[in-house]
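**Student:** What follows is a single structure, and I will ask about it in a moment.
Number of protein chains: 2
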Amino acid sequence: MQENPPEVLVSEVGPRDGLQSVKAVMPTADKFRWIAALYAAGVREIEVASFVPAKLLPQMADAAAVVRHALTLPGLTVMALVPNVRGAQAALEAGVHKITIPVSASEAHSLANVRKTREQMVEEVRAIVALRNEIAPQVKVEAGLSTAFGCTLQGQVAEDDVVWLAGQVIAAGADESGLSDTTGMANPAQVRRLFQRVRAEIGERTGAAHMHNTRGLGLANCLAAYDVGVRTFDSSLGGLGGCPYAPGASGNVVTEDLVFMFEAMGVCTGVDIDKLLAAREPLRAGLPGEPVYGMLPEAGLPKGWSVA
Amino acid sequence: MQENPPEVLVSEVGPRDGLQSVKAVMPTADKFRWIAALYAAGVREIEVASFVPAKLLPQMADAAAVVRHALTLPGLTVMALVPNVRGAQAALEAGVHKITIPVSASEAHSLANVRKTREQMVEEVRAIVALRNEIAPQVKVEAGLSTAFGCTLQGQVAEDDVVWLAGQVIAAGADESGLSDTTGMANPAQVRRLFQRVRAEIGERTGAAHMHNTRGLGLANCLAAYDVGVRTFDSSLGGLGGCPYAPGASGNVVTEDLVFMFEAMGVCTGVDIDKLLAAREPLRAGLPGEPVYGMLPEAGLPKGWSVA
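If you read the protein sequences in the order shown, they are chains C and Y.
According to the working numbering, the first sequence is numbered sequentially starting from 568.
According to the working numbering, the second sequence is numbered sequentially starting from 568.
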């Protein structure tokens with residue numbers, strides 16, 4: 568483990584975003600093993616499940632059990648995705664530390680994904696915050712603005728819309744709002760511009776950069792976000808996952824490569840790379856035959872590697 | 568074709584760096600087709616060959632013929648790599664516009680690669696410049712500092728050594744000196760720091776960033792170099808190639824992904840992406856069975872794509 572305090576927070580989304588994107592269902596015991604291995608590597612925030620009807624996403628049917636297991640790991644922030652109040656209720660009852668609500672910046676994606684307009688989703692955020700205030704006021708609520716950098720359905724998404732929506736979800740009571748490149752359309756100039764504009768709107772409530780590597784720009788976009796002050800980065804071990812509702816989109820940023828980039832730069836993540844690589848084993852074991860990505864895992868650490 | 572003048576120069580190295588890294592020999596006629604397709608896409612600098620003994624690199628036995636063909640393409644800067652005076656003589660006689668000399672920043676790599684110390688390579692640069700002055704004074708001479716960011720043989724390479732060597736090759740008469748991440752060990756913080764230091768030493772004679780994607784950081788490193796003023800970037804169509812003398816290293820930055828990154832950022836490259844993708848066909852045809860990489864080619868251009 569590092570001696571230095573982490574300067575960036577790597578928020579692992581594989582057990583939620585990754586697992587709900589593949590057809591196979593990872594057995595609950597394998598999820599436990601995988602999450603424990605990520606924790607052992609020093610990962611301190613994990614999106615472990617989404618609370619959605621098991622009929623829609625059988626991969627997430629064991630969400631409450633996975634949350635309860637993750638809560639046994641000291642110092643881990645246990646996150647879950649919830650699309651609505653019903654999901655939030657279940658997540659809060661399971662005891663999560665943080666919930667994240669996807670809110671599409673693209674109207675077309677919002678309607679296709681949750682059959683709600685963006686304004687209706689802002690109202691959903693408001694209702695979830697009210698529920699949180701009532702039954703679990705210590706729980707953090709994040710609104711993640713999906714398709715913030717472009718949409719496979721409607722094409723470009725106006726930056727003004729994203730900035731407006733960030734203001735709306737914070738006004739509705741969300742503790743923070745991040746930006747998601749759901750469709751792999753972001754570029755570094757846009758990432759810098761948009762995060763700066765959102766920060767000007769909502770200040771320190773600006774949340775995570777959730778980047779995809781669809782067109783190879785994932786790490787460059789994370790670097791761009793880091794350059795303008797973002798300090799929380801979503802990624803997925805082995806690059807598992809993407810958004811099943813955005814046709815043609817795939818490929819979360821690979822946690823292994825992201826951690827390597829920051830550590831090589833001398834930016835402490837608190838994550839041990841060798842142990843992180845070891846966490847690929849339970850992922851493979853729990854999802855036999857599923858492709859697992861990553862450039863660092865293929866090449867290995869450089870000769871003479873030492874954290875700067 | 569773009570109306571705007573290019574803001575960055577994408578220097579294609581595939582026909583040299585790529586082809587000399589694979590075992591198969593691309594037939595000369597296929598090299599012509601591939602180079603013509605790159606040119607048709609708007610690429611205006613191509614490293615078309617290296618002038619080395621055909622016994623060592625049979626892939627490059629047709630170097631003079633390839634140069635002569637490339638010289639028929641108006642406005643194209645025709646480059647060749649030369650390791651020594653003998654190679655420079657052949658390249659200059661063939662009529663190249665620019666020669667590039669690899670000079671290792673790592674003493675261990677220099678000795679392994681060309682059996683010369685770094686000081687001896689600086690003398691080779693001096694002798695090549697003298698020859699150039701005598702027989703073809705209009706030709707540009709670049710010294711590319713290989714292993715500038717780390718070495719698979721000796722591990723870390725001191726930044727002071729790189730800055731010193733850049734000063735030495737310029738003092739020996741090279742027109743410019745770039746930095747090569749031969750071994751895929753560079754990180755964005757190091758790229759910014761080292762290019763800034765080299766620029767402080769040799770000013771506008773600072774040359775290209777030659778990055779590898781060995782550990783997935785290729786584009787992030789190009790972005791970092793761009794941020795500190797670098798405007799020439801080496802890359803290889805389909806990510807072909809690497810350095811055959813650096814064990815475990817592989818993977819030039821993919822031209823398609825690099826051009827996409829810059830064009831998406833609104834930085835004009837002068838390259839037409841659709842035509843660039845079409846240039847993969849003669850590459851595949853000339854090297855059957857060889858893997859060809861690239862994220863953008865897999866994902867395609869985003870919906871609603873237009874140059875910013």
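Don't be surprised by glycine CBs; every beta carbon is placed ideally from N, CA and C.
Which term fits Y/P572, buried or exposed, when burial requires 16 or more other beta carbons within 10 angstroms of its beta carbon?
**Tutor:** The sequence position of residue 572 of chain Y within the second sequence is 5, counting from 1. Exposed.
**Student:** Provide the residue span of the alpha helix (DSSP H) that contains C/S803, from first to last.
**Tutor:** The residue labelled residue 803 of chain C in the question sits at position 236 within the first sequence. It is not in any alpha helix (DSSP H) - C/S803 carries neither H nor E in the DSSP assignment.
**Student:** Quick one: what's got a C-beta closer than 7 Å to Y/C718's C-beta in the same chain, skipping five residues either side?
**Tutor:** As a working note, residue 718 of chain Y is residue 151 in the second sequence. Closer than 7 Å at the Cβ level, and outside the excluded window around Y/C718, lie S673, A675, H676, V724, T750.
**Student:** Measure the beta-carbon distance from Y/R847 to Y/V838 and round it to whole angstroms, keeping in mind my assumption that it falls under 8 Å.
**Tutor:** Here residue 847 of chain Y corresponds to residue number 280 of the second sequence, with the count starting at 1. Here residue 838 of chain Y corresponds to residue number 271 of the second sequence, with the count starting at 1. Incorrect: roughly 14 Å between the Cβ atoms, too far for contact.
**Student:** Buried or exposed: Y/W601, going by 16 or more other Cβ atoms within 10 Å of its Cβ?
**Tutor:** In the second sequence, the residue the question calls residue 601 of chain Y occupies position 34. Flag for Y/W601 reads buried.
**Student:** For a contact defined as C-beta to C-beta under 7 Å, what are the partners of C/K870 on chain Y?
**Tutor:** Position 303 of the first sequence, counting from 1, holds the residue named residue 870 of chain C. Residues of chain Y passing the Cβ test: T719, G722.
**Student:** Is the region 696-704 of chain Y touching the region 647-660 of chain Y in the sense that three or more CB pairs, one from each, lie closer than 8 Å?
**Tutor:** Contact between the region 647-660 of chain Y and the region 696-704 of chain Y is present, because at least three Cβ pairs lie under 8 Å.
**Student:** Is C/V692 near C/I668, with beta carbons less than 7 Å apart?
**Tutor:** On the first sequence, residue 692 of chain C is found 125 positions in, with the first residue counted as 1. On the first sequence, residue 668 of chain C is found 101 positions in, with the first residue counted as 1. Yes. Within cutoff.
**Student:** Does DSSP put Y/E614 in a helix, a strand or coil?
**Tutor:** Position 47 of the second sequence, counted from the start, is the residue given in the question as residue 614 of chain Y. Strand.
**Student:** List the residues that DSSP assigns as beta-bridge partners of Y/I668.
**Tutor:** On the second sequence, position 101 is the one that residue 668 of chain Y refers to. Paired residues: Y/A710.
**Student:** Closer than 6 Å by C-beta to C/H664: which residues in its own chain qualify, once you throw out the five before and the five after it? Chain order, please.
**Tutor:** Along the first sequence, read from residue 1 onward, the residue named residue 664 of chain C stands at position 97. Correct list, in chain order: T644, V645.
**Student:** Whose C-beta lies closer than 6 Å to the C-beta of Y/M862 among residues of the same chain, with five residues either side of it excluded?
**Tutor:** As a working note, residue 862 of chain Y is residue 295 in the second sequence. Same-chain partners within the cutoff: D824.
**Student:** Using a Cβ distance threshold of 8 Å, determine whether the region 588-597 of chain Y contacts the region 829-844 of chain Y, with at least three qualifying pairs required.
**Tutor:** Too few Cβ pairs lie closer than 8 Å, so no.
**Student:** Excluding the five sequence neighbours on either side, which residues of its own chain have a C-beta within less than 6 Å of the C-beta of C/L807, listed in chain order?
**Tutor:** Indexing the first sequence from 1 puts residue 807 of chain C at position 240. Hits under 6 Å: G581, G585.
**Student:** May I have the straight-line CA-CA distance separating Y/T799 from Y/R772, to the nearest angstrom?
**Tutor:** Looking up residue 799 of chain Y in the second sequence gives position 232. Looking up residue 772 of chain Y in the second sequence gives position 205. Distance between the alpha carbons of Y/T799 and Y/R772: 12 Å.
**Student:** Please report the straight-line C-alpha distance between C/V577 and Y/V619, rounded to a whole angstrom.
**Tutor:** Residue mapping note: residue 577 of chain C aligns to position 10 of the first sequence, counting from 1. Residue mapping note: residue 619 of chain Y aligns to position 52 of the second sequence, counting from 1. Going by the C-alpha atoms only, they are around 47 Å apart.
**Student:** When DSSP labels each residue in this structure, what does C/S747 get in the three-state scheme?
**Tutor:** Indexing the first sequence from 1 puts residue 747 of chain C at position 180. Note: C/S747 maps to strand in three-state DSSP.
**Student:** Output yes or no for whether 7 Å exceeds the beta carbon distance between Y/G770 and Y/G745.
**Tutor:** In the second sequence, counting from the first residue as 1, residue 770 of chain Y sits at position 203. In the second sequence, counting from the first residue as 1, residue 745 of chain Y sits at position 178. Against a cut-off of 7 Å, the Cβ pair of Y/G745 and Y/G770 comes out as no contact.
**Student:** Counting only Cβ-Cβ distances shorter than 9 Å, please list the residues of the region 735-757 of chain Y near chain C, keeping chain order.
**Tutor:** Within the region 735-757 of chain Y, the residues whose Cβ lies closer than 9 Å to some Cβ of chain C are T750, G751, M752, A753, N754, P755, A756, Q757, listed in chain order.
**Student:** Please specify which runs of the alpha helix (DSSP H), each continuous and at least 4 residues long, are wholly inside the region 712-744 of chain Y, giving them in chain order.
**Tutor:** Runs found: 726-738.
**Student:** With H, G and I counted as helix, E and B as strand and the rest as coil, what does DSSP make of Y/A753?
**Tutor:** Along the second sequence, read from residue 1 onward, the residue named residue 753 of chain Y stands at position 186. If DSSP states are grouped into helix, strand and coil, Y/A753 belongs with coil.
**Student:** Give the single residue among Y/Q757, Y/R611, Y/S747, Y/L784 whose Cα lies nearest to the Cα of Y/A733.
**Tutor:** One-based indexing of the second sequence puts residue 733 of chain Y at position 166. Among Y/Q757, Y/R611, Y/S747, Y/L784, the Cα nearest to that of Y/A733 belongs to Y/S747.
**Student:** Going along chain Y in order, which residues have a C-beta closer than 8 Å to the C-beta of C/L786?
**Tutor:** Within the first sequence, residue 786 of chain C is the residue found at index 219, counting from 1. Neighbours of C/L786 on chain Y, chain order: G783, L784, L786, A787.
**Student:** According to DSSP, is C/N680 part of a helix, a strand, or is it coil?
**Tutor:** Taking the first sequence and counting its residues from 1, the one referred to as residue 680 of chain C is at position 113. Here C/N680 sits in helix by DSSP.
**Student:** Taking the alpha helix (DSSP H) that Y/H636 belongs to, which residues open and close that run?
**Tutor:** The sequence position of residue 636 of chain Y within the second sequence is 69, counting from 1. Run containing Y/H636: 630-637, per the alpha helix (DSSP H) assignment.
**Student:** Per DSSP, what kind of secondary structure is C/V645 in: helix, strand or coil?
**Tutor:** Translated into positions along the first sequence, residue 645 of chain C becomes position 78. Of the three classes helix, strand and coil, the one that applies to C/V645 here is strand, per DSSP.
**Student:** Do C/A792 and C/V758 have their CB atoms nearer than 7 Å?
**Tutor:** The residue labelled residue 792 of chain C in the question sits at position 225 within the first sequence. The residue labelled residue 758 of chain C in the question sits at position 191 within the first sequence. Yes, the Cβ-Cβ distance between C/A792 and C/V758 is below 7 Å.
**Student:** Can you tell me whether Y/E579 is helix, strand or coil according to DSSP?
**Tutor:** Counted from its first residue, the second sequence places residue 579 of chain Y at position 12. It is a strand residue.
**Student:** Whole angstroms is fine: what's the gap from C/A631's alpha carbon to C/A637's?
**Tutor:** Translated into the one-based positions of the first sequence, residue 631 of chain C becomes position 64. Translated into the one-based positions of the first sequence, residue 637 of chain C becomes position 70. Whole-angstrom Cα-Cα distance: 10 Å.
**Student:** Taking Cβ positions, are Y/D742 and Y/V706 nearer each other than 7 Å?
**Tutor:** Mapped onto the second sequence, residue 742 of chain Y falls at position 175. Mapped onto the second sequence, residue 706 of chain Y falls at position 139. For Y/D742 and Y/V706, no; Cβs fall outside 7 Å.
**Student:** If you check the beta carbons only, do Y/L790 and C/A787 fall under 7 Å apart?
**Tutor:** Residue numbering aside, residue 790 of chain Y sits at position 223 when the second sequence is read from its first letter. Residue numbering aside, residue 787 of chain C sits at position 220 when the first sequence is read from its first letter. Yes; because the gap between Cβ atoms is below 7 Å, this pair is in contact.
**Student:** Determine whether the Cβ of C/M862 lies closer than 7 Å to any Cβ atom of chain Y.
**Tutor:** Locating residue 862 of chain C in the first sequence gives position 295, where the first residue counts as 1. Yes, C/M862 lies at the interface with chain Y (some Cβ there is under 7 Å from its Cβ).
**Student:** On the DSSP bridge list, what partners appear for C/A776?
**Tutor:** By 1-based counting over the first sequence, the position of residue 776 of chain C is 209. Answer by DSSP bridge pairing, in chain order: C/L746, C/F800.
**Student:** Residues of chain C with a CB under 9 Å from the CB of Y/D824: which are they?
**Tutor:** Residue numbering aside, residue 824 of chain Y sits at position 257 when the second sequence is read from its first letter. Those are R782, G783, L784, listed as they occur along chain C.
**Student:** I want to see whether chain Y comes within less than 7 Å of C/L807, judged by CB atoms only; does it?
**Tutor:** Position 240 of the first sequence, counted from the first residue, corresponds to residue 807 of chain C. Not one chain Y Cβ lies under 7 Å of C/L807.
**Student:** I'd like the span of the alpha helix (DSSP H) that includes C/M688, first residue to last.
**Tutor:** As a working mapping, residue 688 of chain C is identified with position 121 in the first sequence. Element bounds for C/M688: 685-702.
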